[in-house]
Amino acid sequence: MAALDMTKLTIKSAHDLLAKKEIGAVELTEAFLDRITAVDSDVCAYLTVCAELALKQAGEAQKAIDAGSGGMLCGIPVSIKDNICIEGVRTTCASKMLENFIPPYTATAAGRVMDAGAVVLGKVNMDEFAMGGSTETSYYKKTKNPHDLSRVPGGSSGGSAASVAANLALGSLGSDTGGSIRQPAAFCGVVGLKPTYGLVSRYGLVAFASSLDQIGPVAKTVEDSAILLDVIGGKDQYDGTSIEVPETSYAASVNAGVKGLKIGIPRQYLASGLDEAVKSAVLNAVREYEALGAVAEEFDMPSLKHAVPAYYLISSAEASSNLSRYDGIKYGFRADGCESYGELVSKTRAQGFGREVKRRILLGTYALASGYYDAYYKKALQIRTLIRREFERAFEKYDVLISPTTPTTAYKIGENIQNPLTMYLADIYTVAVNIAGLPAISVPCGADENKLPIGLSVIGRPFGEADILKTAAALERALCG
Amino acid sequence: MTEKIPLQYIADLSCLALEEDEKKALAADMADIIALMDTIKDIDVGDAPITEHISGVRNIMRDDAVSGSMAAEKVLSNASVRLEGCFVVPKLME
Chain A
2 MAALDMTKLT IKSAHDLLAK KEIGAVELTE AFLDRITAVD SDVCAYLTVC
52 AELALKQAGE AQKAIDAGSG GMLCGIPVSI KDNICIEGVR TTCASKMLEN
102 FIPPYTATAA GRVMDAGAVV LGKVNMDEFA MGGSTETSYY KKTKNPHDLS
152 RVPGGSSGGS AASVAANLAL GSLGSDTGGS IRQPAAFCGV VGLKPTYGLV
202 SRYGLVAFAS SLDQIGPVAK TVEDSAILLD VIGGKDQYDG TSIEVPETSY
252 AASVNAGVKG LKIGIPRQYL ASGLDEAVKS AVLNAVREYE ALGAVAEEFD
302 MPSLKHAVPA YYLISSAEAS SNLSRYDGIK YGFRADGCES YGELVSKTRA
352 QGFGREVKRR ILLGTYALAS GYYDAYYKKA LQIRTLIRRE FERAFEKYDV
402 LISPTTPTTA YKIGENIQNP LTMYLADIYT VAVNIAGLPA ISVPCGADEN
452 KLPIGLSVIG RPFGEADILK TAAALERALC G
Chain B
3 MTEKIPLQYI ADLSCLALEE DEKKALAADM ADIIALMDTI KDIDVGDAPI
53 TEHISGVRNI MRDDAVSGSM AAEKVLSNAS VRLEGCFVVP KLME
């Protein structure tokens, strides 16, 4: 194999090299495993490296390539967030609660990428049970931002974004409940796509907030994201909320261009609290779009200012219910020395969950408790309706909406972890998309004075993935050539 | 804070046996968080219906056909304590 510049490799270019037999699938996998050994002690993206499984899958992929039956993902090394189950591979959700959990089945999305011939290098770090925005709530380790190892990679899919940004995988599957794919993608300078609710099966994704959770791709380029989405999307008999959509090729949509595209920019997303460098990069992107023939204008979405509290009430309420399954009996951590059932359950949960998970369970239980339900949970669900309606009205006028992905660039490890409220408020640009079930993609749009990446979000209509992909790809081409 | 949010009551409902020092720290955190949540109380939502689920899909029953199920050994494989093909729980009744 010729010397491989892994920093320049993408899913698409690796596929081309594999197809032309310029590299072999096993050699490619070995190169990534070697790099993980060399680099991941600094980045700390992986919780579990599956070298044996990866080499076996690479061998199978090579056979498919040799037989001429390999698709775009065949032989491509990827990482998988550690809340997406793979049968026989430890899946911890970055929690002490699931330290020794070996799933007896495989998540549909992970199964689809493996069926397509992708090679799973391992499971990557995340905030515990996907609750957090910095990957610092992981029970196991703190993942570092590859652009500055003193900074967070974002979260909760911080391991996914860091593994791709540090060239420790060519793509990754993450999950997004309130921005958990898009925000780390923005912090790490990669592309993260949260699909429309129902496009990708949640079967085998450890549940956080079931009405908001979606699995999606993290990759270096928009085209690579589309290649992954082509494989993981579509109806699944094991997820009643997955939706049948017409067969389409997202990868084919990325070159469509934006001439005549109508872009809306919610004025509330450019208001105070937004870092100047981020605002400047976003406005520069708007000018790029206008130069490419799109029409952009600001407009009002007043209900967006209520999105953060509504999101935290809804997601925490659902989490408090979903996480009630962790009782120490059927699987997961079990507290020692308990004499009654009640003591076993409450001590198991107190010792097995970290602080942030407990905050969310307490908040969710409070919001659902008798006497508080109407004031918090029901009200949040009514605000959800207002937000959904405002998006519907916006999409009567605009093809896509754009916004910053995050109010700041990546911050220092430890800077915000003691202040949960600061962390929650930083989700301002991402949570409304989950509340409304819309697709959104974060694409790099510049850097700040410290050379830290800035992400731009493109939001689409339900099942408008082709629109957001072509919009993001146009900016990628304009900025990167 | 404990007057505003009955932390012990909520912890009991949540099945979380919190230690005293953790209870104190969580009470402080929760006071700030609930203050943010309280901002929605005064919002006029009119007669907006609730949206529990965005896609509006309804429960779908699978075909009433016998299919395979997971082997008991596999189901039990992640339990910390198991005995003769069963999960083990502490005694529930005296």
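As given, the protein sequences belong to chains A and B, one line each in that order.
Note that our numbering gives residue 415 to position 414 of the first sequence, counting from 1, and the numbers run on in steps of one.
Note that our numbering gives residue 86 to position 84 of the second sequence, counting from 1, and the numbers run on in steps of one.
Ideal Cβ placement from N, Cα and C applies to all residues, glycine included.
Remember, it's a predicted structure, so these values are computed and weren't measured experimentally.
Contact with chain A by residue i, beta-carbon distance below 8 Å
i	result
C17 of chain B	yes
S82 of chain B	yes
S71 of chain B	no
V1 of chain B	There is no way to answer for residue 1 of chain B, as the model of chain B reaches only from 3 to 96.
D34 of chain B	yes
L94 of chain B	yes
L85 of chain B	no
D66 of chain B	no
E22 of chain B	no
M3 of chain B	Here the model assigns M3 of chain B a pLDDT of 39, short of 50, so the residue's position is not dependable, and the following value carries that caveat. False, the Cβ-Cβ gap to chain A never drops below 8 Å.
K97 of chain B	The structure shown has nothing for residue 97 of chain B, since chain B only spans 3 to 96.
A30 of chain B	no
Residue-chain proximity (residue i, chain B), Cβ-Cβ < 8 Å
i	result
G76 of chain A	no
Q485 of chain A	As displayed, chain A neither begins before 2 nor continues past 482, which places residue 485 of chain A out of reach and without an answer.
P440 of chain A	no
F102 of chain A	yes
P196 of chain A	no
K331 of chain A	yes
Y430 of chain A	no
T49 of chain A	no
S404 of chain A	no
K398 of chain A	no
Y412 of chain A	no
R335 of chain A	yes
A210 of chain A	no
R389 of chain A	yes
T8 of chain A	no
R385 of chain A	yes
L470 of chain A	no
L422 of chain A	yes
A433 of chain A	no
Three-way DSSP call (helix, strand, coil) for residue i in this model
i	result
Y47 of chain A	strand
K91 of chain A	Checking the displayed sequence, the identity of residue 91 of chain A turns out to be Arg instead of Lys. Coil, per DSSP.
V83 of chain B	coil
K21 of chain A	coil
F130 of chain A	helix
S458 of chain A	strand
F392 of chain A	helix
D66 of chain B	coil
N435 of chain A	helix
R152 of chain A	strand
L94 of chain B	coil
G26 of chain A	For the record, residue 26 of chain A in the displayed sequence is Ala; it is not Gly. A26 of chain A: helix per DSSP, three-state reduction.
E5 of chain B	Any reading at E5 of chain B needs caution, since the residue's pLDDT is 47, under 50, leaving its predicted position unreliable; the model's value is listed next. E5 of chain B falls in the coil class under three-state DSSP.
Run of the alpha helix (DSSP H) containing residue i, from where it starts to where it stops
i	result
L15 of chain B	L9 to L15
G159 of chain A	G159 to A166
C189 of chain A	R183 to C189
L54 of chain A	A52 to D67
K25 of chain B	E22 to M39
P421 of chain A	P421 to L426
D177 of chain A	It is not in any alpha helix (DSSP H) - D177 of chain A instead sits in the beta strand (DSSP E) that spans G172 to D177.
C481 of chain A	E466 to C481
V232 of chain A	V223 to I233
K76 of chain B	A74 to L78
First and last residue of the uninterrupted beta strand (DSSP E) at residue i
i	result
S57 of chain B	Counting along the chain, S57 of chain B falls outside any beta strand (DSSP E), and DSSP gives it neither H nor E.
G1 of chain A	Nothing about residue 1 of chain A can be reported from this structure: the residues present for chain A run from 2 to 482 only.
K124 of chain A	V120 to V125
L194 of chain A	V192 to K195
K263 of chain A	K263 to P267
L402 of chain A	V401 to P405
I216 of chain A	Q215 to A220
D208 of chain A	This sequence places Ala at residue 208 of chain A; Asp is not what is there. A208 of chain A -> no beta strand (DSSP E), and no H or E assigned at all.
Proximity test, Cβ basis, 8 Å: residue i and chain C
i	result
K43 of chain B	The structure shown contains no chain C; the protein chains it does contain are A and B.
Residue i: CB within 7 Å of a non-hydrogen atom of the ligand COA
i	result
E28 of chain A	Inclusion of the ligand COA in the displayed structure is not the case, the ligand content being empty and no account of it being possible.
At 3 residues or longer, and completely inside the stretch 289-373 of chain A: list those beta strand (DSSP E) runs for me, N to C.
-> 296-300
Name, going along the chain, the residues of the stretch 233-261 of chain A whose beta-carbon falls closer than 7 Å to a beta-carbon of chain B.
-> G241, T242 and I244
Near-chain B residues of the stretch 365-379 of chain A - C-beta to any C-beta below 7 Å = T366, Y367, A370, A376, Y377 and K379
Listed from N- to C-terminal order along the chain, which residues in the stretch 338-363 of chain A have their beta-carbon within a distance smaller than 7 Å of any beta-carbon of chain B?
-> C339, E340, S341, Y342, L345, V346, S347, K348, R350, A351, K359, R360, I362 and L363
Mind listing which residues of the stretch 306-327 of chain A have their C-beta closer than 8 Å to chain B's C-betas, in chain order?
-> H307, V309, P310, A311, Y313, L314, S321 and S325
Chain B contacts made by the stretch 262-277 of chain A, where a contact means CB separation under 8 Å | none
When you check each C-beta in the stretch 171-198 of chain A against every C-beta of chain B, which residues fall closer than 7 Å?
-> Y198
Within 7 Å of chain B by C-beta, residues of the stretch 85-115 of chain A in sequence order | The stretch 85-115 of chain A vs chain B, Cβ under 7 Å: F102, I103 and P105.
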